[in-house]
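Asks:
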Amino acid sequence: MTKKKVKKPLTPEQKINRRTFLSFGLFGAAAVGGVFGWKWLYNSPDEVTATTGGTRVPLRRALNKTEIAVRRLFYSEKHLVKTYPKSMAAKNVRQNSDVGVESPIDLAAWKLQVTKGNGEKLLIGIEDIKALPKTEIVFDFKCVEGWDQIQYWGGLSFVDFIKHFNLDTETKMDYVGLETPDKLYYVGLDMDSALHPQTLLAYEMNDKPVPLNHGAPLRLIIPVKYGVKNLKRIGSISFSNQRPRDYWAELGYDYFLGL
Amino acid sequence: MKEIKEKHSLAMRWCHWVNFPMLTIMIWSGMLIYWADDEYKIKLFGHTYFVFFPEWFYKFFHITHRLQEGMAFHFLFMWFFILNGIFYVAYTLISGEWRELVPQKKSFKEAWLVLLHDLHIRKMAPPQKKYNAAQRIAYTAIIIMGIGSVITGLAIYKPVQFYYLTWLCGGYHFARILHFVLTLGYVFFFVIHVVQVFLAGWKNFSSVITGFEVVGNKPKPIIEKANDEEKS
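For the record, the sequence lines run as chains A and B.
Quick note: the first sequence uses this note's numbering, first residue 71, plus one each step.
Quick note: the second sequence uses this note's numbering, first residue 5, plus one each step.
1) State the start and end residues of the unbroken alpha helix (DSSP H) segment that holds residue 138 (chain B).
2) Consult DSSP for residue 143 (chain A) and reduce its assignment to one of helix, strand or coil.
3) Taking only three categories from DSSP, how would you classify residue 40 (chain B)?
4) By Cβ distance, which residues of its chain are closer than 7 Å to residue 135 (chain B), with the 5 residues on each side in sequence left out?
5) With residue 122 (chain A) as the anchor, note down where its beta strand (DSSP E) starts and where it stops.
6) So, residue 123 (chain A) versus residue 322 (chain A), is the Cβ gap smaller than 8 Å?
7) For the segment 234 to 248 of chain A against the segment 187 to 206 of chain A, are there 3 or more C-beta pairs whose distance is under 8 Å?
8) So residue 255 (chain A) packs on residue 301 (chain A), CB below 8 Å; how close in whole Å?
9) Should residue 234 (chain B) be flagged as near chain A, meaning a C-beta pair shorter than 8 Å?
10) With a 10 Å radius around its C-beta and 16 neighbouring C-beta atoms as the bar for buried, classify residue 111 (chain B) as buried or exposed.
11) To the nearest angstrom, how far is it from the Cα of residue 22 (chain B) to the Cα of residue 88 (chain B)?
12) DSSP state of residue 232 (chain B), grouped into three classes?
13) Check whether the Cβ atoms of residue 80 (chain B) and residue 290 (chain A) lie closer than 8 Å to each other.
14) If you follow the alpha helix (DSSP H) that residue 198 (chain B) is in, where does it begin and where does it stop?
15) Inspect the beta-carbon positions of residue 56 (chain B) and residue 45 (chain B) and report whether they are closer than 8 Å.
16) Just verifying my parser: in three-state terms, what is the DSSP assignment at residue 272 (chain A)?
17) Tell me the DSSP secondary structure of residue 164 (chain B) in three-state form.
18) Going by beta carbon distance, what residues of the same chain come within less than 7 Å of residue 146 (chain B), once the five residues before and after it are set aside?
19) With a 10 Å radius around its C-beta and 16 neighbouring C-beta atoms as the bar for buried, classify residue 72 (chain B) as buried or exposed.
20) Would you check if the distance between the CB atom of residue 313 (chain A) and the CB atom of residue 296 (chain A) is smaller than 8 Å?
21) Given a threshold of 16 other Cβ atoms within 10 Å of its Cβ, counted over all protein chains shown, does residue 205 (chain B) qualify as buried or as exposed?
22) Taking any Cβ of chain A, which residues in the segment 149 to 177 of chain B have a Cβ under 9 Å from it, in chain order?
23) Nearest CA to the CA of residue 182 (chain A): which residue from A:305, A:316 and A:315?
24) Using only the alpha-carbon positions, how far apart do residue 14 (chain B) and residue 95 (chain A) sit?
25) Where does residue 312 (chain A) sit, in a helix, a strand or coil, going by DSSP?
26) Can a CB atom of chain B be found closer than 8 Å to the CB of residue 217 (chain A)?
27) According to DSSP, residue 205 (chain A) sits in a beta bridge with which residue or residues?
28) Who are the Cβ neighbours of residue 93 (chain B) in its own chain at under 7 Å, not counting the five residues just before and after it?
29) List in chain order: all unbroken beta strand (DSSP E) runs of 3+ residues lying wholly within the segment 72 to 119 of chain A.
30) Check the Cβ-Cβ distances between residue 198 (chain B) and every residue of chain A, and say whether any is below 8 Å.
31) For residue 10 (chain B), which beta-bridge partners are listed by DSSP?
32) Output the distance between the C-alpha atoms of residue 112 (chain A) and residue 200 (chain A), rounded to the nearest integer angstrom.
33) Would you list, in chain order, the members of the segment 108 to 132 of chain A that have their beta-carbon closer than 7 Å to a beta-carbon of chain B?
34) When you check each C-beta in the segment 40 to 66 of chain B against every C-beta of chain A, which residues fall closer than 9 Å?
35) Once DSSP output is grouped into helix, strand and coil, what is the label at residue 258 (chain A)?
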C-alpha cells in the first residue's frame, strides 16, 4: 500500500485567514499599481509642441481618440445651437483676449485674403461681404473658462460665403485655418464645424458694426465651438488636409474644442 | 465557533474601490476647471457668506492656472467613472442586490430613528437587513447624484450635440451650477461616510475588502478534556 496524502479540510479559522490574506494582498497590490499608474501618467512628459502642445503625451493620445469618437458618434450639422430673442442679448458684450487685435490696423485698407486649394489668392473687401445676404444669430456664447453670455451677432454665414466665392472644391478638404492680419492669433477648424449652418463671418454686433476690440471689421462666430475658436479680426482664410496651427491647441487645449 | 458570513460581493467591492480614485480625480480636475471661472458664492439678502473658493484653498491644493490640464484629465477620466457607474447599476439590478439598497416606504421614517440612534439620542435602532434605512437612502441618493453628475456634465461638455440634456438641466448656465452643487454633495457624503466607517470599526471596514465578516466569535474552551475525544 502506498501512503495517501489526505488533505485535511481547512478549518474555518484557516479559511478566514486565507481569504483575508488573499483579499488584502490583492487589494494592496491593486492600490500600489494604481498609485504607480497615476504617477506614470502624471509625470509623463509633455508632447513636443507642433500642432498641439502642452499636454502629457499619453493624455493627448487618449483624448485625440475619445474626442474624435464623440464627434463621429454625436456630431450632426442638424444639431443647432439654441437661439434667443434679441431682447435677451447682453448689452455689455464680454471680451477676454486682445491677442491678434492689438496691432494697428487701417480698416479702409483691410481685405480678407482667401487662399484656394490651388494656391490662388482672393482678396475680398468688407463691402463685398456686406453686400451679400445677412444672417443674424442670438445665442449663448460659451467660454472655455466656464462663463457664458447671450450675444447678438450678424454677418455672412460661412456656407453662403463658400457658395458665393466658389469655394466648394475647398470644402472637400478636412480643415479651415484662420489667422489675424498680424498672424499672432490663429485657429484651426474641422470642416464640418466650419460648414455648420450657424457659423458666421460676423461684421455686426448688437446691430452695429463690430467694435475694434471685438474684432473689427470681420470676425468669426462659430457657436459649435468654445469662444477661443471665435477668432477676432480675420486676416486670412485657408484650407488644408492637415490640421492648421491653432493658438490654444499649442498651449495644451484640445484641438477641436467642439460643443 | 468562527464562521465566514458573506457580506459584500466582489462586484460591489470592485465598483466601490474603482469609484473612489475615479471620483477623486474627477473632483480634483473639476476644481482645476472651476478655478478659471470661480463665480459661485453663498449669498443671502445681499450678504455674501462664503465664496467658492478662498485664495488660500487654491494655493494649498495648487489649483490655479491649470484649466487645460483639468480639462484633459476630466474629459478622459469621466469615461472610466461613467463605465464603472453603469457596471455597478447593471450589477445591482441583475443580481437583485438593489432590493437591499433601495429605500422602502418605511425607510424615510426609520432613517430619523437611525439618525437619532447614531447621535446617541435614542437607544434602540430599528431592525434592519444588510443596510439600515439611512444607508438605503444615502446609497441610493449617491447613485442618483452620480447619474445627475453625468447628465449635467454631458450637458456642459457638448451642449449643442446633447442639447436635449442641456434643456433637461435648465440650460447651460444652470447645468454648470447643478454640476458644481452635486460635487459639494459628494464631499458632504464623503465626510459622513468616513466618519461612519471609523465608528463602525475595523471589522466592518475589512469586509469591504475581503467581502465577508466573521460571525459567532465565541471564545474556545481553554481546558482540554482528559479523554481525547475530538471535537470539531
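Where is the CB? At the ideal position from N, CA and C, for every residue including glycine.
Bear in mind the structure is a predicted one, so any value in this text is a computation, not a measurement.
Replies: To lay it out plainly:
1) Residues 137 to 161.
2) DSSP places residue 143 (chain A) within a helical segment (H, G or I) once states are collapsed to three.
3) Here residue 40 (chain B) sits in helix by DSSP.
4) Taken in chain order, the residues that qualify are 104, 105 and 143.
5) For residue 122 (chain A), no beta strand (DSSP E) run applies, since DSSP gives it neither H nor E.
6) The answer is yes: Cβ separation under 8 Å.
7) A contact exists between the segment 234 to 248 of chain A and the segment 187 to 206 of chain A.
8) Rounded, the Cβ-Cβ distance is 6 Å, consistent with contact.
9) In this predicted model, residue 234 (chain B) has a pLDDT of only 46, less than 50, meaning its place in the structure is not dependable; the value taken from the coordinates is given anyway. Taking Cβ atoms only, chain A never reaches closer than 8 Å to residue 234 (chain B), which makes this a no.
10) By the Cβ neighbour-count rule, residue 111 (chain B) is buried, with 16 or more other Cβ atoms within 10 Å of its own.
11) Each residue's Cα considered, the two are about 7 Å apart.
12) A caution first: residue 232 (chain B) carries a pLDDT of 49, below 50, which makes its placement in the model too unreliable to give a value.
13) No. Outside cutoff.
14) Counting along the chain, the alpha helix (DSSP H) containing residue 198 (chain B) begins and ends at 176 to 204.
15) Cβ atoms of residue 56 (chain B) and residue 45 (chain B): closer than 8 Å.
16) In the displayed model, residue 272 (chain A) falls within a strand according to three-state DSSP.
17) Per DSSP, reduced to three states, the secondary structure at residue 164 (chain B) is coil, with no helix or strand assignment.
18) Closer than 7 Å at the Cβ level, and outside the excluded window around residue 146 (chain B), lie 193.
19) Residue burial annotation: residue 72 (chain B) is buried, with at least 16 other C-beta atoms found within 10 angstroms of its C-beta.
20) Not a contact, by the Cβ cut-off of 8 Å.
21) By the Cβ-count criterion, residue 205 (chain B) is exposed, with fewer than 16 other Cβ atoms from all chains shown falling within 10 Å of its own Cβ.
22) Of all residues in the segment 149 to 177 of chain B, only 160, 161, 162, 163, 164, 165, 166, 167, 170, 171, 175, 176 and 177 place a beta-carbon less than 9 Å from a beta-carbon of chain A.
23) Checked all of A:305, A:316 and A:315; the closest Cα to residue 182 (chain A) is A:305.
24) So the two alpha carbons sit approximately 15 Å from each other.
25) Correct three-state label for residue 312 (chain A): coil.
26) Yes, contact with chain B.
27) When beta bridges are read from the DSSP output, residue 205 (chain A) appears opposite A:225.
28) Once the five neighbours on either side are set aside, the close Cβ partners of residue 93 (chain B) are 147.
29) No beta strand (DSSP E) of 3 residues or more sits fully in the segment 72 to 119 of chain A.
30) It does not; no Cβ of chain A falls within 8 Å.
31) Under DSSP, residue 10 (chain B) forms a beta bridge with B:216.
32) Distance between the alpha carbons of residue 112 (chain A) and residue 200 (chain A): 50 Å.
33) Correct list: 124, 125, 129 and 132.
34) Residues of the segment 40 to 66 of chain B whose Cβ lies closer than 9 Å to any Cβ of chain A, in chain order: 40, 41, 42 and 43.
35) For residue 258 (chain A), the secondary structure class from DSSP, reduced to helix, strand or coil, is strand.
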